[in-house]
Amino acid sequence: MDESTYRRSVDYTLAKSRFGNVVNVFDAVVLIAVLFSGLLPWGFGKFNANFGSSIWATAGFLFVVGIALSIPGLAFAWYAQFRIEQRFGFNTTSIKMWIVDRLKGLLLAVLLGYPLLVLVLKLIEWAGASWWLWAAGVVVAFQLLLLLIAPAIIMPLFNKFTPLPQGALRERLFALAQRKRFPTGSIEVMDGSKRSRHSNAFFTGFGRFRKIVLFDTLIAQLTELEVESVLAHEIGHYKKRHVIKMLGVSIAGIVMAFAAIAWLARQQWLYHTFGFEYQPGFDAPNVVPAILLFALLAGTITFWILPLIHIWSRHFEYEADAFAAATMGETQSLIQALRKLSEKNLSNLIPHPLYSSFYYSHPTLLERERALRVAG
Ligand SMILES: [Zn+2]
């Protein structure tokens, strides 16, 4: 990396982390205000008085609180995109597209999230004490369904996918997929450049519905051999069962979350601490405060769990890199690809080891190069 690019990567890192500090302080202040002002029990009472305590109304209350709490975050998201990303030359989104994206997200939340919420609350009345197991099952099933339909129905709402045109790159990538017994229906190019100059590659779907997706920005930045090595890395994630293991962790997380909510819903002291009335029994209005408090407070606990997930995720990255090196029979093309991507994305090359071990889901460029050279 040349001196001026390095300088810019340091500036970009600092700009993002200073902004992150402001967002964190703001979020903490809002959280404390919402929790201790009595706003939630007051709103819940008002909502019940006006709309009744039917399941649809109760789910509506949770939904409205969720939307209301996400509104201050919009201003920060706008600043991150149109001030920080813009300043460093990454932003290609227009204001209009940004607003339309938010509206589409809201529409999806209403169409998918609200009915799911209603179903979860219904389960409280149908299943009694074991409701949380049923609810976790329903949410897991919903998540799996979403994985299945997202590539066909949801992702095209935001991006255009076109088959990779005939030619040397396409032949090379299909040959790689075949060689590694990675069945794939299609390789598609996503117009990532219409929002950002950052680049990426991923695969979605299962079995023969699987498709490999390359950002147009990735194809523009890398040579054919380098794109092949990046795809080999992605196939490594699949072959080493990282995808299925991460899915397992996420399912375990959902079950634990509902177990926690069910436990919180029996804690009278908790309800009284935050100003809610406590009525024992299994109906939706009695459990809703527990769901709300869980949603607000869970982040303060998962914050301490994330570093463990990150250790695991970094281990997966090393494994996928080693898989790619073995597949390619050399390490140079992946190293070149990683160098270019670090440079184009202005990645921080030398984070403090304590910081990166806590926050980074991927090893740094230098760490990956070192491991690849040992493998080579
Ligand atoms: Zn990876």
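Each residue of the sequence shown is one higher than the last, beginning at -12 in my numbering.
For glycine and all other residues, C-beta sits at the position ideal for the given N, C-alpha and C.
(1) What beta strand (DSSP E) runs, 3 residues minimum, are completely inside the segment 272 to 326?
(2) So does residue 304 have its beta carbon nearer than 6 Å to some heavy atom of ligand 1?
(3) Could you pull out every residue in the same chain whose Cβ sits closer than 7 Å to the Cβ of residue 71, ignoring the five residues on either side in sequence?
(4) Have a look at residue 59 and residue 330 and give me their C-alpha separation to the nearest angstrom.
(5) Between the segment 77 to 87 and the segment 177 to 196, can you find at least three pairs of beta-carbon atoms closer than 8 Å?
(6) CA-CA distance, residue 96 and residue 313?
(7) Among 359, 285, 132, 256, which one has its Cα closest to the Cα of residue 305?
(8) So, with DSSP's three-state summary, where would you put residue 330?
(9) Can you give me the C-alpha to C-alpha distance between residue 152 and residue 173, rounded to a whole angstrom?
(10) Does DSSP classify residue 252 as helix, strand or coil?
(11) Name the residue from -5, 200, 87 whose alpha carbon lies nearest to the alpha carbon of residue 139.
(12) May I ask you to report which of helix, strand or coil DSSP gives residue 199?
(13) With the cut-off set at 7 Å, would you say residue 125 and residue 99 are in Cβ contact?
(14) Work out the CA separation of residue 221 and residue 189 for me, nearest whole Å.
(15) So for residue 37, helix, strand or coil by DSSP?
(16) On the criterion of 16 or more Cβ atoms from any shown chain inside 10 Å, does residue 335 qualify as buried, or is it exposed?
(17) For a test of the three-state rule: what should DSSP assign to residue 143, helix, strand or coil?
(18) Distance, Cα to Cα, residue 338 vs residue 162?
(19) May I ask you to check if the CB of residue 307 is nearer than 6 Å to at least one heavy atom of ligand 1?
(20) Between the alpha carbons of residue 301 and residue 236, how many angstroms are there, rounded?
Short version:
(1) none
(2) yes
(3) 2, 3, 6
(4) CA-to-CA, the gap between residue 59 and residue 330 works out to about 33 Å.
(5) Output reads yes: the segment 77 to 87 touches the segment 177 to 196.
(6) Straight-line Cα distance between these residues: approximately 43 Å.
(7) 359
(8) helix
(9) 11 Å
(10) Three-state result, residue 252: coil.
(11) 200
(12) strand
(13) no
(14) 7 Å
(15) helix
(16) buried
(17) helix
(18) 38 Å
(19) yes
(20) 15 Å
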